[in-house]
Structures are given as structure tokens and as C-alpha cells.
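Numbering (the working numbering), first residue to last: 406 to 615.
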């Protein structure tokens, strides 16, 4: 069984090998900070490292010691590397590498602590604003910290798109989803508590100014 980790990589602590996950795949442009269109990642459990397992065999997954011998049979690299199709764009990988190095330096445990604190602070700000603006919106993300990670989804009653556009024009990068949902992701690696406070002020002004 395969896992889709698009919103998990860089956001929650993953122990795929210990969880006995067969394989998993994820993008790197969300919480991994690589930018849109950059390299994706994959995990293949060691129990599937059998070289005879059917796959999309690619040039870059071939044994690098024999890659240029142009032999007729595919000799896969051991592990997930053996599933690579081609080489990756070096310039695109440069910022991705910088991000991965920061993750390694800080550590997921520390990031998760800040993630939970800063997301809870944002939740508090939203509830305080909601009291002042007569329930213009509601948080539809679970309140349990372990069920939401670095995201709060806010359902807006009324003209939500106009508020989203207002936030974007005022430098707040959020995400719009129909119908009337704004997704907020206070990423712990680079978002600050001051950012959350400033967002609250902009949000309140946007609602009251409508």
C-alpha cells in the first residue's frame, strides 16, 4: 500500500520504515520549501528492494558502476534510488538542498513544538476576531493538534473570495478552496508569532471594512 505524503513531508514526523509502509511519495514545494515544479520524493521499504520487481526502469536507476556500458539488462541501484527515471535539475535542487539542510539542523522535534504553539496562537487570534465580527467565519480544522499539523482551514460565511483577495493584496499568502474556504499554514521554519499577530490585524480590518 502506498501513502500520499504531499501535506505530511516537512510537516509531521514520519517513520515510514518502522510503520512498515510499502512505498510513499510526496511533493517538495509545500512544507519542504523547494518551490513549485521542483523534485518529488519517494520512499520504498527495504522489503521491496528485490531487483526483479517490475518497475518503470530508468537510466538514473541503473547501477552507476555499469550505467555507461549500455548493457541490455536493467541492473537497479539498491533501494529507492533504483526507482529513479532520470537525473534531476541541478539549479532547482540548490534551494531544495538548502531547505533540507535547515530541517536537519533544526530537527523535526523542535519544529513540531513550534508548529503546535504557533498554530494554537493563530487559532486563538481567529477566535478572538470572531467574537468581534459576529461569526463571519468558523475554523473547520480539528482542534486536536495531532489531527491538523501546520494548517487551519477557515470557512467564511458570505463573500469569502473578496476577503481572500484583500488578504493577498495586503501581502498575506493564503490558499483559496471552494466553497468559501481559506487555508492558513503558519510554517514553523520561517513564520513568527509576530506574523500571526499582524495577520490578525489585517484580517480584522478586511472583515470590518467590507
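We put the beta carbon where it would ideally sit given N, CA and C, even for glycine.
State the Cα-Cα distance for the pair residue 424 and residue 458, rounded to the nearest angstrom. By 1-based counting over the chain shown, the position of residue 424 is 19. By 1-based counting over the chain shown, the position of residue 458 is 53. Cα to Cα, the separation comes out at about 21 Å.
Could you tell me which of 535, 411, 489 sits nearest to residue 449, measuring between CA atoms? As a working note, residue 449 is residue 44 in the chain shown. Among 535, 411, 489, the Cα nearest to that of residue 449 is on 489.
Could you check whether the stretch 555-573 touches the stretch 585-598, counting it as contact only if at least three pairs of C-beta atoms, one from each stretch, sit closer than 8 Å? yes
On the premise that residue 530 lies in contact with residue 602, defined as a C-beta separation below 8 Å, what is that separation, rounded to the nearest angstrom? For the purposes of this step, residue 602 is taken as the residue at position 197 of the chain shown. For the purposes of this step, residue 530 is taken as the residue at position 125 of the chain shown. Residue 602 to residue 530, Cβ: 7 Å. Contact.
Output the residue ranges of the beta strand (DSSP E) runs that lie fully inside the stretch 538-563 and measure 3 residues or longer, sorted by chain position. 542-544, 557-561
Bounding residues of the beta strand (DSSP E) (the contiguous stretch that carries residue 590): As a first step, residue 590 must be located in the chain shown, where it is residue number 185. Per DSSP, residue 590 belongs to no beta strand (DSSP E) and is neither H nor E.
Considering only C-alpha positions, which residue in the set 509, 570, 502, 589 is nearest to residue 543? Sequence index remark: in the chain shown, residue 543 carries index 138 (1-based). Per the Cα distances, 589.
State the Cα-Cα distance for the pair residue 528 and residue 576, rounded to the nearest angstrom. Residue numbering aside, residue 528 sits at position 123 when the chain shown is read from its first letter. Residue numbering aside, residue 576 sits at position 171 when the chain shown is read from its first letter. Roughly 20 Å separates the two Cα atoms.
With 16 as the cutoff for other CB atoms within 10 Å, does residue 473 come out buried or exposed? In the chain shown, counting from the first residue as 1, residue 473 sits at position 68. So residue 473 counts as exposed.
Can the beta-carbon of residue 427 be found closer than 8 Å to that of residue 454? The sequence position of residue 427 within the chain shown is 22, counting from 1. The sequence position of residue 454 within the chain shown is 49, counting from 1. No. Outside cutoff.
In whole angstroms, give me the CA-to-CA distance for residue 499 and residue 549. Mapped onto the chain shown, residue 499 falls at position 94. Mapped onto the chain shown, residue 549 falls at position 144. One C-alpha to the other measures close to 36 Å.
Would residue 534 pass as a contact of residue 611 if the rule is Cβ separation under 8 Å? Start at 1 with the first residue of the chain shown, and residue 534 comes out as number 129. Start at 1 with the first residue of the chain shown, and residue 611 comes out as number 206. Result no, Cβ atoms of residue 534 and residue 611 do not sit closer than 8 Å.
Alpha-carbon to alpha-carbon, residue 429 and residue 482: The count along the chain shown starts at 1 and reaches residue 482 at position 77. The count along the chain shown starts at 1 and reaches residue 429 at position 24. Distance between the alpha carbons of residue 482 and residue 429 is about 18 Å.
Residue 572 beta carbon less than 8 Å from that of residue 608: To locate residue 608, count along the chain shown from 1; it is residue 203. To locate residue 572, count along the chain shown from 1; it is residue 167. In contact: residue 608 and residue 572 (Cβ atoms closer than 8 Å).
Would you call the CB atoms of residue 445 and residue 465 closer than 8 Å? Residue numbering aside, residue 445 sits at position 40 when the chain shown is read from its first letter. Residue numbering aside, residue 465 sits at position 60 when the chain shown is read from its first letter. No, they are not a contact pair.
Cβ shell of residue 539 (< 7 Å), same chain only, five flanking positions each side left out: As a working mapping, residue 539 is identified with position 134 in the chain shown. Excluding positions up to five away in sequence, the list is empty.
Residue 492 and residue 480: beta carbons closer than 8 Å? For the purposes of this step, residue 492 is identified with residue 87 of the chain shown, where counting begins at 1. For the purposes of this step, residue 480 is identified with residue 75 of the chain shown, where counting begins at 1. No, the pair does not count as a contact, with Cβ atoms beyond the cut-off.
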